[in-house]
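Numbering (my numbering), first residue to last: 870 to 1123.
The structure appears right after this line, and notes come after that.
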C-alpha cells in the first residue's frame, strides 16, 4: 500500500500482465481503480504488458475493448459516459518534458506501444499531489510552476515515478490520468499526473509506434466524437504519422 508521502510507486503497484490479451471484468475494475483515481491513494496510471508476440492490430483491438469495458465501470460508478476524443497512430521519437496533454478537466490517455528497436524511458509525476501539498489546485500549479517552461520539474522530482517495467521489446499499454480537476469535496473528480518520455536512441530509419487514444468523462447521452467506423479504422489502419521530423520518407508515412 502506498502511503501519503511523496515516494515513487513500485512496479507491483501499477504493472499488470495481460499476455492473454483478454479484457476481463476483473482487469477493467483494477485498471479503473488505478487510473481513474478520485484521491491520492492510487497511482493515476497503469502499465499493461501484452508480451512480445502481440500484433499491432491485436494491441489496438485490446485498447478499444478495454475502453469499452471501462465505460461500463464508469457508468455504474459515476453515472457518466466515457467517450473517445481521439484515436491515432504516430511515430514518436522526440524527447519531451513533463507535461499534460490538452484535454478536458477529466480525461485519460491510453497509449499502446509497439515493440521497437528505439529505446525510451517514461516518467510520471504526481502533480496533483504536489499541488495539494503546496495548497494549490492542479491548474494553479501548472499556471505558476509549469515544468514545460520553468523550474517546476525540480518541484516534481520527489513526486516522480520512473516506469521501470517499460520495455521497447514488448507490446504495452500505458494508461495515464490526464486530468486537471481540483480535489472535490464529494470525492468524485479525477486526479491527474504529468508524463514525459526520453528517447534513448532516436533513428530516422526506425519507428517507435505509439497508438494513442484520449478518453473523456462526459454526461450520459453525449454523442461519441469518434464514430464506430473511425474506431474500426484505428484498429486496422497501417498508416503511421510522424512527429518531430522535418521530412517524411518512409513509404506509409502520412
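Glycine is no exception: its CB is placed at the ideal position from the N, C-alpha and C atoms.
For clarity, every value in this text was computed on a predicted model and none was experimentally measured.
- With 16 or more neighbouring CB atoms inside 10 Å of its own CB, residue 913 falls in the buried class.
- For the pair of segments examined, the segment 1008 to 1028 was found not to touch the segment 1066 to 1086: the number of CB pairs separated by less than 8 Å stays below three.
- For the options 988, 1007 and 1003, the alpha carbon positioned closest to that of residue 997 is the one of 1007.
- Taking C-beta atoms as the reference points, residue 887 and residue 896 count as a pair closer than 8 Å.
- Contact annotation: the segment 1038 to 1046 touches the segment 921 to 935, with at least three C-beta pairs closer than 8 Å.
- A straight line joining the alpha-carbon of residue 894 with that of residue 1085 spans about 20 Å.
- Per DSSP, residue 1065 is not a residue of any alpha helix (DSSP H); the beta strand (DSSP E) it occupies stretches across 1063 to 1068.
- Comparing C-alpha distances from residue 957 to each of 982, 950, 968 and 951 shows the shortest one belongs to 982.
- Looking at the DSSP output, residue 1085 bridges to 952 and 976.
- For residue 920, the enclosing beta strand (DSSP E) starts and ends at 914 to 920.
- In this structure, the CA atom of residue 1062 is about 5 Å from the CA atom of residue 995.
- When secondary structure is reduced to three states using DSSP, residue 990 falls in the strand class.
- Judged by DSSP secondary structure, residue 1040 falls within the beta strand (DSSP E) whose first and last residues are 1040 to 1046.
- Excluding residues up to 5 positions away in sequence, 958 lie with their Cβ nearer than 8 Å to the Cβ of residue 1106 in the same chain.
- The beta carbon of residue 989 sits closer than 7 Å to the beta carbons of 1037, 1066, 1067, 1068, 1069 and 1077 from its chain, once the five residues preceding and following it are set aside; these are given in chain order.
- Here residue 952 is actually not in contact with residue 993; their C-beta atoms are around 24 Å apart, not less than 8 Å.
- By the Cβ neighbour-count rule, residue 960 is buried, with 16 or more other Cβ atoms within 10 Å of its own.
- Here DSSP, grouped into helix, strand and coil, assigns residue 1060 to coil.
- Distance from the CA atom of residue 941 to the CA atom of residue 911, rounded to whole angstroms, is 20 Å.
- Its Cα nearest to that of residue 903, the residue 916 stands out among 892, 916 and 891.
- At least 8 Å separates the beta-carbon of residue 1047 from that of residue 1103.
- Beyond the five residues adjoining it in sequence on each side, residue 980 comes within less than 6 Å, by CB distance, of 1043, 1079 and 1081 in the same chain, given in chain order.
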